[in-house]
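Reminder that position 99 of the sequence shown reads as 99 in my numbering, one-by-one numbering, no gaps.
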Amino acid sequence: MIALLARSRRRSDTARPAVVEDVIPALHDALTGLPGHTLVLDRTEQMLARSRRAQLPTAAVVLGLDDFADFNTRVGRAHGDQLLVAVGERLATVVREADTVGRLGDDRFVVLVDGATLLAGPELVAERILDILREPFVLADEEMDPVRISVSAGVALGPRLDAEALLRDAGLALAEAKSAGKGRYALFGKETADAEEGRDALAAELRSAVAASEFFLRYQPIFDIDTRKTTGVEALLRWQHPTRKVIPPDHFLPMLEESGLMVPLGRWVLHEACRQGAALHAAGHRISMSVNLSPTQLEGETVAADLGAALAESGLHPHALIVEVNETTLMHNTELMVERLVAIKSLGVRIAIDDFGTGYSSLAFLRQFPIDILKIDRSLISSMASTRESSMLIHTLVQVGKTLGLEVVAEGIEEEGQIDPLVAEQCDRGQGFLYGRPLTPTQLDIFLRTHLTQDAPLWVVPPPQGAR
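Below you can see the structure in the form of structure tokens.
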């Protein structure tokens, strides 16, 4: 392709030279100077052609920086760009001159290798690349400590029908590596193809499930740490599969997001939760109703209108509704998230940051948002007794909440011994199986009537490990 463009330029030196001069640089990524997507496709086609002629092994290694959006949020776009340039430069030192390093866009790079590079096996190539990227990066800011990053890789071996097929399969393997825990590589093979078929099947099942109204809500109590009295409930989504048991959200929420089904289903969740909250109030249970908002709901333009409609239809007082937003969601597009949360806050509802402590929030970051509640992630509560670091972090997180004048809720309380440290830290609320499991509306009514009439609150015996 480059040779063809060069010949075209020589034939047209006097005719529109600026246009041709603009075409050649466009083949390279403007930030890193590496081959861009178009040139990578061309190089891949050339590599596959050589492979077919000479029967050489070929491979594409697609690399993705883990949590790069969070890095950009924490340190700024300029430092993020410096890191991308440094990654590209380091990758160029790993491969032979005959191999290709390119940038596919955002935080994705590709390494095209064939022949002698693969003699030791594609696994060794991937390991070597990841090893060299684990070494710290020194950026231009002298006041900034060396940066360590996590990178995942997907490897696809040739031959393939065309370049797009090879890069696509490497991309699927990359997705598999990230879902397996990040900082590792995955080799495209039958398992990857089977997993992709399984994803397609799940997407089809979810579309049918939404159409057939197979989803329902359960409600988990939230209690006051000091008095052990119920102060609210959180609405949790469940799927009643027609041929299997009830399916928890971890198994289907990511696919709901990817397939675009989360927005209409999330709208139904809002209406159903508000309706149930109003019913609780009518029965004399003046407690709050918490409901989660997904990233796609928050990014959409109708989220505030959807909330307003759910409140108006149900008659639930806005202050009784708490919307929960995942901490990492706020970090991906801070300006848009502030805009969305301000609009939501104007309705009179309260806003909670869920899974707090798993991201990289600072006081300055949190002050941007009109929030009322911090919910400490369950992973920190579960490790509180066994690790000093978790105890110290919980102390810090509670103090962050106090500094900002926010209510603090501890999630995932499953053992009696976890209560006293939270009382000592002056944590406000708690949630977990020790107090109450997710309940049906009928179970919840019985639970609330029992807890509101008992002098000593009734504690629920924790279910067997793994039962959720």
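The beta-carbon is built from N, C-alpha and C at its ideal position, and this holds for glycine as well. Please read all numbers here as calculations on a predicted model, not as lab measurements.
Whole-angstrom distance between residue j and residue i, CA atom to CA atom
i, j, result
"Glu205", "Leu172", "21 Å"
"His332", "Thr296", "12 Å"
"Pro254", "Arg53", "42 Å"
"Val323", "Ser290", "6 Å"
"Gly105", "Leu434", "47 Å"
"Leu65", "Leu167", "17 Å"
"Asp67", "Arg437", "32 Å"
"Gly308", "Ala273", "13 Å"
"Gly412", "Leu397", "16 Å"
"Ala49", "Ala60", "14 Å"
"Val151", "Thr442", "48 Å"
"Val113", "Ser179", "25 Å"
"Arg77", "Leu84", "10 Å"
"Glu299", "Asp306", "13 Å"
"Val488", "Ala69", "Outside the shown range of the chain (1 to 468) lies residue 488, about which nothing can therefore be said."
Buried or exposed (CB count within 10 angstroms, at least 16 for buried), residue i
i, result
"Gly181", "exposed"
"Arg367", "exposed"
"Ile132", "exposed"
"His251", "exposed"
"Leu91", "buried"
"Gln55", "exposed"
"Gln276", "buried"
"Ala170", "buried"
"Gln82", "buried"
"Asp29", "buried"
"Phe356", "buried"
"Glu335", "exposed"
Sequence-distant residues of the same chain with beta carbon closer than 6 Å to residue i, five excluded per side
i, result
"Pro249", "Leu237"
"Leu321", "Met289 and Val349"
"Glu407", "Ile373 and Asp428"
"Glu45", "Ala163"
"Ala410", "Ile376, Ile381, Leu422, Cys427 and Gly430"
"Leu41", "Ala163"
"Asn72", "Gly80"
Near the ligand NAP: residue i beta-carbon under 7 Å from a heavy atom
i, result
"Val87", "Here there are no bound small molecules, and the ligand NAP is not part of this structure."
Three-state secondary structure (DSSP) of residue i
i, result
"Thr243", "coil"
"Asp81", "helix"
"Pro221", "strand"
"Asp531", "This structure gives no information on residue 531, because the portion of the chain shown stretches from 1 to 468."
"Ile413", "coil"
"His28", "strand"
"Leu404", "coil"
"Thr302", "coil"
"Gln431", "strand"
Contacting residues, own chain, Cβ-Cβ under 7 Å from residue i (five flanking each side not counted)
i, result
"Ile287", "Thr230, Thr231, Gly232, Val233 and Leu280"
"Ala283", "Asp445"
"Leu270", "Val291, Asp306, Leu307 and Ala310"
Beta-carbon contacts of residue i that lie in its chain and below 8 Å, excluding the five residues immediately before and after
i, result
"Pro159", "Leu48, Ser51, Arg52 and Thr58"
"Phe369", "Leu330, Met337, Val338, Leu341, Ile351 and Ile353"
Original post:
Does the stretch 222-239 touch the stretch 417-429, meaning 3 or more C-beta pairs lie closer than 8 Å?
Top reply: Enough Cβ pairs lie closer than 8 Å, so yes.
Original post:
Any contact of the stretch 441-449 with the stretch 240-251, i.e. 3+ C-beta pairs under 8 Å?
Top reply: no
**OP:** Would you be able to state if there are at least three C-beta pairs under 8 Å between the stretch 30-41 and the stretch 95-109?
**Re:** yes
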